Each structure stands twice: as C-alpha cells, then as structure tokens.
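To keep things clear, I will list the structure first and then write my remarks on it.
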Amino acid sequence: MAVATPDPLTKIRTFLAEKPAEVQSKVDAWTAKQPVWVEGMVSGIKGSGQGLFLGLVMGAVGKMGSDTAAAGGAAMPPGMLSMGGPLVQARNFMVMTGVNAGVLAVAKRLRGGRDDVNNQIISGFCSGASYSLVSGGMGSRAAVMPGATPPNPLMAAFTAGVVFALFQGGFYKAGEMWGGGPKVADTEYVRVKAMLNALNMGQFEKNVRKGQLTDATIGLWDTAALQEVKIPAGPRLVILDHIETYRHILRPAMPIPKNLPHA
3 MAVATPDPLT
13 KIRTFLAEKP
23 AEVQSKVDAW
33 TAKQPVWVEG
43 MVSGIKGSGQ
53 GLFLGLVMGA
63 VGKMGSDTAA
73 AGGAAMPPGM
83 LSMGGPLVQA
93 RNFMVMTGVN
103 AGVLAVAKRL
113 RGGRDDVNNQ
123 IISGFCSGAS
133 YSLVSGGMGS
143 RAAVMPGATP
153 PNPLMAAFTA
163 GVVFALFQGG
173 FYKAGEMWGG
183 GPKVADTEYV
193 RVKAMLNALN
203 MGQFEKNVRK
213 GQLTDATIGL
223 WDTAALQEVK
233 IPAGPRLVIL
243 DHIETYRHIL
253 RPAMPIPKNL
263 PHA
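As structure tokens, this is what we get:
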C-alpha cells in the first residue's frame with residue numbers, strides 16, 4: 003500500500019504559518035514571567051528589528067532619489083542632504099521603533115495590563131525624543147544660516163517628543179472612534195480567556211476571537227477548529243488536552259429536570 007507523501011510546498015506553507023507563531027508564543031510566555039525590564043528589553047529588540055528594516059528601505063529609496071537628482075544636475079533640498087544614507091536611516095528608525103515598543107510594554111505592565119491612550123502618549127514622547135537626539139535634533143545643523151544660533155538639542159528633543167506623543171495619541175483615539183469606541187469587557191470569552199491565561203497562551207486570544215470560538219463552543223473545539231484560527235500544533239494539543247481534562251467543568255450548565263426519579 004502506497005503511503006502518500008506530503009507536498010513539499012504544503013510543508014513549507016505549514017511551517018511558515020505555524021512556526022513563527024509558536025516561537026512568538028514561547029517568547030511571550032517566557033517574558034510574562036520575567037521582571038518588567040526584561041519584557042521591555044525584549045519588546046524593544048523586536049521593535050528595533052522592524053525599524054531597522056523600515057529604515058533600510060526608506061534610506062535606499064532616498065539615496066536613489068538623491069543620486070537621480072545629482073545625475074540630472076538638479077539642486078537637492080537641504081532636508082534631503084541631511085537625511086543620510088540607508089545605514090543612518092536604519093539607525094534612526096531602529097532607535098525610534100525600539101524605544102516606542104519597549105516603553106509601551108513597560109507602561110502596560112506597570113499599569114496592570116491596561117492599554118489606553120496614556121500608554122501611547124508616553125511611548126510616543128520617548129520615541130520622538132530619542133529619534134531627535136540620535137538624528138541630531140529636529141533641525142539640521144547643516145541647514146543653519148551663517149551667524150544664526152544652532153538649535154538646542156534638548157529643546158529639539160522635547161519638541162519632537164511632544165509632536166510624536168500628540169500624533170500617536172491622536173491616531174490611537176481616532177482608531178477607537180472608527181472602531182466603535184474603547185474596548186469594553188464582554189461576557190462571551192470569559193472562560194476562554196481564563197483558560198488561555200492559565201496555559202500561558204494569552205497571545206492566542208485574538209485568534210480565538212477572530213474565529214468566534216466563544217465560551218459556549220469550548221466543548222466543541224477540535225483540531226480542525228483550532229487549526230482554522232492558525233493556532234500552532236504544540237499549543238493546539240495542550241489546549242485540547244486541557245479541555246478534555248476539565249470537560250465537565252467547561253461544559254455549559256444544563257437545566258435541572260423538573261421530575262427527578264425517586265429513590
């Protein structure tokens with residue numbers, strides 16, 4: 003009897019779909035048990051990686067534009083001259099996004115897991131100030147007119163921090179308004195959330211919500227349902243084993259029959 007060989011492309015797609023989420027779940031479970039500064043540092047490193055990529059792309063695009071303008075003999079604006087190459091932009095964005103992600107994680111942890119506009123304002127101010135300091139201030143020294151006083155780096159950092167805080171807080175509030183207001187506690191995922199937190203798998207709550215796997219459906223969860231919402235194989239087995247162990251607790255209460263049999 004011939005055994006069906008899995009398609010290599012299917013194996014690659016499955017690996018790319020499940021492995022990153024599995025690694026992320028292990029990292030989140032580990033950082034949740036560490037001191038607050040460890041969680042902030044790990045979040046900052048992840049944010050720095052995103053900023054590094056974004057900075058390299060934007061720096062490369064800016065360099066291409068400046069090279070094209072120089073080849074055509076066109077005068078480049080001072081702002082483009084002071085932007086720097088891909089490595090400079092990568093450094094600037096790496097610092098900005100890393101500080102933002104790290105401060106946001108620390109603020110959320112210190113405030114009991116609360117995620118609101120105050121956290122966004124704090125992280126926005128810190129990221130803006132750090133970006134200004136590492137990039138040389140809001141104003142470029144090369145663009146200062148002869149005889150003029152160069153800008154104060156600390157004042158420029160404060161100004162940049164305020165601007166970033168206002169923008170980040172404003173975007174957060176705009177997202178709340180377009181999303182129907184602040185998130186409110188619901189009653190359809192109480193047991194789901196408690197179970198995932200007990201298993202150190204709270205990061206999969208958004209997957210469960212996306213699939214509308216509410217408290218009332220816990221007793222019906224199976225491999226196909228959890229795979230549909232992109233929960234990796236390892237956490238999937240742990241969740242199903244937990245449900246099987248406590249099935250009598252998780253099953254919704256049934257009404258008591260009116261006519262109970264007599265002894």
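Just so we're aligned, residue 3 is where the sequence shown starts under this note's numbering, counting upward by one. Ideal placement from N, C-alpha and C gives every residue a C-beta, glycine not left out. Source: prediction; values computed, not measured.
- Cα atoms of Gly-236 and Ser-132: separation of roughly 39 Å, rounded to the nearest angstrom.
- Spanning the alpha carbons of Met-203 and Pro-37 requires a straight line of approximately 19 Å.
- If you keep only unbroken beta strand (DSSP E) runs of at least 3 residues inside the region 36 to 64, you get nothing at all.
- Fewer than three Cβ pairs drawn from the region 29 to 46 and the region 55 to 62 lie within less than 8 Å of each other, which leaves the two stretches out of contact.
- Nearest in C-alpha terms to Pro-153, of all of Val-40, Gly-138, Val-119, is Gly-138.
- Around the CB of Leu-222, fewer than 16 other CB atoms lie within 10 Å, so the residue is classed as exposed.
- Contact between the region 91 to 110 and the region 118 to 133 is established, with three or more Cβ pairs separated by less than 8 Å.
- It is roughly 8 Å from the alpha-carbon of Phe-160 to the alpha-carbon of Phe-127.
- Taking a 10 Å sphere around the C-beta of Ile-47, we find fewer than 16 other C-beta atoms and assign the residue as exposed.
- Under the three-state reduction of DSSP, Thr-161 is assigned to helix.
- The closest CA to that of Lys-212, considering only Ile-233, Val-105, Thr-70, is found on Ile-233.
- Between Val-136 and Arg-193 the beta-carbon gap is near 47 Å, outside 8 Å, which marks them as no contact.
- If you look at Gly-100, you'll find it in the alpha helix (DSSP H) that goes 88 to 112.
- Its chain contains Ser-45, Gly-46, Gly-49 as the residues whose beta carbon lies nearer than 6 Å to that of Ala-103, once the 5 sequence neighbours on both sides are disregarded; these appear in chain order.
- A residue is called buried when at least 16 other Cβ atoms come within 10 angstroms of its Cβ; Asn-209 meets this threshold and is buried.
- Looking only at Ile-14, Val-101, Thr-219, Gly-114, the smallest Cα-Cα distance to Gly-163 is reached by Val-101.
- Ala-176 sits exposed, since fewer than 16 C-beta atoms from the chains shown fall within 10 Å of its C-beta.
- When DSSP states are grouped into helix, strand and coil, Asp-224 belongs to the coil group.
- Apart from sequence neighbours up to five positions away, no residue of its chain approaches Thr-189 with a beta-carbon distance below 6 Å.
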